[in-house]
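Colleague: Encoded as structure tokens, here's the structure I'll be asking about.
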Amino acid sequence: MSSISIIGTGNMARTIGARAIAGGNTVEIMGRDQSKAADLAKALGGATTGEWGTAPAGDIVVVALLHDGVVPVIAQYGDALAGKVIVDISNPFNSAFDGLAHREETSIAQEVAKAAPADASVVKAFNTVFRHVLEKGRPDVFIAGDDAQAKASVEAFIESLGLRPLDVGSLKMAHWLEGAGVVTVGLANHGVGNLDFALGITKLPV
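Mapping the sequence shown onto numbering that gives the first Met the number 0, position 132 (from 1) lands on 131, and the numbers just tick up by one.
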């Protein structure tokens, strides 16, 4: 099983933390508000609390923050993230939720890689799954990253959650995963009409 640190105390942090503990992983919660982090760790049962800005205990660090806070926090942590696998789960939606907040062909994950220590590895994951679907369902989880070993460790973590990881390629594909996040919102508002779904892969029968 994996050793996981989660930076953030919101709904996605709670959901990923709960599934991680259920899957037999060790979980550390880190938040700007130490009392919120402690409350979440207690609610999860079996999780520990880390001090904000210090070196995370986990080998895999899940950054469960709103998109505009991700890169500044990575920069703040700095060398404390050396050697870690950093998982960015954010969706940089624009104000209308019909496009990306950044106009360039980049992604939050790619910007994280620029801000992180050189020996850290960045993987994009979980951003195409609505929180309650992750909590109650068994959705496919798309991932992107440049480091094969880092992706393998994230895939093993995802499998421990009872979910199927699907590798879409290098970290530059994170831009298109963020675009897929926009597609999920469009489907929720139009073609599907609700939030009770996730994008996935269907294989033809052999």
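Where a beta carbon is used, it is the ideal one built from N, C-alpha and C, also for glycine.
Could you tell me which of L162, V132, H131, V121 sits nearest to A147, measuring between CA atoms?
Modeller: Measuring from the Cα of A147, the nearest candidate turns out to be V121.
Colleague: Using the three-state DSSP reduction, which class does V121 fall into: helix, strand or coil?
Modeller: strand
Colleague: Count the other C-beta atoms from every protein chain shown that fall within 10 angstroms of the C-beta of K123, then say buried if there are 16 or more, exposed otherwise.
Modeller: buried
Colleague: Looking at the structure shown, is P71 part of a helix, part of a strand, or coil, going by DSSP?
Modeller: helix
Colleague: DSSP puts G144 in a beta bridge; with which residues?
Modeller: Among the bridge pairs identified by DSSP, G144 is matched with V122.
Colleague: In chain order, what residues of the same chain lie with their CB nearer than 8 angstroms to the CB of V132, ignoring the 5 residues before and after it?
Modeller: So the list reads P138, L194, D195, F196, A197, once near-sequence residues are dropped.
Colleague: Does any residue of chain C bring its CB to less than 8 angstroms from the CB of K123?
Modeller: The displayed structure is made up of one protein chain only, and chain C is not part of it.
Colleague: Determine whether the beta carbon atoms of A46 and A40 lie at a separation below 8 angstroms.
Modeller: yes
Colleague: Below 8 angstroms on the Cβ atoms is my guess for G180 versus N90; work out the distance and round it to an integer in Å.
Modeller: 4 angstroms
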